[in-house]
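S.K.: Let me begin by handing over the structure; questions about it come next.
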Amino acid sequence: MLPLESVPNFSEGRDGGTINSIGAALATHARLLDVHADADHNRSVFTVVGSEHQLLEGLLAAVKVARELIDLRRHDGVHPRIGAIDVVPFVPIDPDDLERARNAALVLGERLGELGLPVFVYSPPERGPAFYRSGGVTELQRRLDEGELTPDFGPAQLDPSAGAVIVGGRRPLIAFNVNLRGSLDAAQQIAACVRESGGGFVGVRALGLDLRRAGVVQVSMNVEDWEAAALHEIVERVEHEARELGAEVIGSELVGLMPAGAAAAAAGSALRIDGFDASRVLEVRLLED
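In this note's numbering, each residue carries its 1-based index in the sequence shown increased by 9.
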């Protein structure tokens, strides 16, 4: 049986000590593969793999650290969030393990609720993380107070410093950002063009953000179906829209890890190899065998 992957997002991207402490807590129990921290987003994304038990113990240890070191009342960053431990997805490496990932998320949600944190189980696309983050913590508490929302686990009162947590099981996605030299308005217009809700690519969620510390604007994306929306096609569309708006693409950024198939598709396009896909990648074929 293959391990599961978890990609917890913590609302701290500037303090190296806090980020390292969270990573160490995760690594004590599970295998830590990647850490992506961003100062403008003020957010860190960790990629860990392990059995359900290993992930549960690692995540609970990391939550304990985050509650001690992260206070949302003093937090600022361009990325929307409603918790110090903002979202904890479980992802199947074997596509047939999606239900197993969802069950692991429910077990974690129950444990976090027992710790006094309100927990929401997300179910994309209708109730993805953005559904809960809209308006931030103040709006979320209002929705709870007025009975519009009820946590799946834990109290209906947000923790003063830690907020709430979103958990769920989902298929692999690619968190992918394109950085631009231009205006925030241009980035927002481009984001509106490429995201699915604006008539763009299927399964793409996108925001236009101003990264003042980095001195760029950004189209920040989650590509939820990389087979339906190829990265190279998204970049081409962003570049086209940027030129129309007087902006310039200066680079792109991968947050966390990505499926080999998505990288193979992009490489095949860049190299103009007809019929190139993941089946032509040596390491992928060896793993299948």
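Backbone N, C-alpha and C define an ideal beta-carbon position, used for all residues, glycine too.
What span of residues does the alpha helix (DSSP H) with Asp154 cover, start to end?
M.R.: Its alpha helix (DSSP H) spans residues 145-154.
S.K.: According to the neighbour-count rule (16 or more other Cβ atoms, all chains shown, within 10 Å of its Cβ), is Arg52 buried or exposed?
M.R.: The residue is buried, with at least 16 neighbouring Cβ atoms inside 10 Å.
S.K.: Start and end of the beta strand (DSSP E) containing Ser53?
M.R.: It spans 52-59 - the beta strand (DSSP E) in which Ser53 sits, taken as one unbroken run.
S.K.: Kindly give me the distance between the Cβ atoms of Pro214 and Asn186, rounded to whole angstroms, as I take these residues to be in contact under 8 Å.
M.R.: Note on residue identity: the sequence assigns Arg, not Pro, to residue 214. So it is not a contact: roughly 12 Å between Cβ atoms.
S.K.: Skipping 5 residues on each side, what residues in its chain have a beta carbon closer than 6 Å to that of Gln197?
M.R.: Correct list, in chain order: Gly217.
S.K.: Please work out which residues of its chain come closer than 7 Å, Cβ to Cβ, to Pro138, disregarding the five sequence neighbours upstream and downstream, and give them in chain order.
M.R.: Closer than 7 Å at Cβ, skipping near neighbours: Val96, Tyr131, Ile175.
S.K.: So does the region 156-163 actually touch the region 107-124, counting three or more Cβ pairs closer than 8 Å?
M.R.: Counting Cβ pairs under 8 Å, three or more are found: they touch.
S.K.: Could you compute how far the alpha carbon of Gly144 sits from the alpha carbon of Ile91?
M.R.: Their backbone Cα atoms lie some 9 Å apart in a straight line.
S.K.: Identify, in the order they occur along the chain, each residue of the same chain with its Cβ nearer than 8 Å to the Cβ of Ala239, setting aside the five sequence neighbours on each side.
M.R.: For Ala239, where only same-chain residues beyond five positions count, the Cβ hits under 8 Å are Ala271, Ala274, Ala275, Ser278.
S.K.: I need the DSSP call for Pro138, collapsed to helix, strand or coil.
M.R.: Here Pro138 sits in helix by DSSP.
S.K.: Output needed for Pro223: all residues of its chain with C-beta closer than 7 Å, excluding positions within five of it in sequence on either side, in chain order.
M.R.: Strictly speaking, residue 223 in this sequence is Ala, with Pro absent from that position. Asp49, listed in sequence order.
S.K.: Per the contact definition of three or more C-beta pairs closer than 8 Å, is the region 100-117 in contact with the region 145-153?
M.R.: The answer is no - the region 100-117 does not touch the region 145-153, with fewer than three Cβ pairs under 8 Å.
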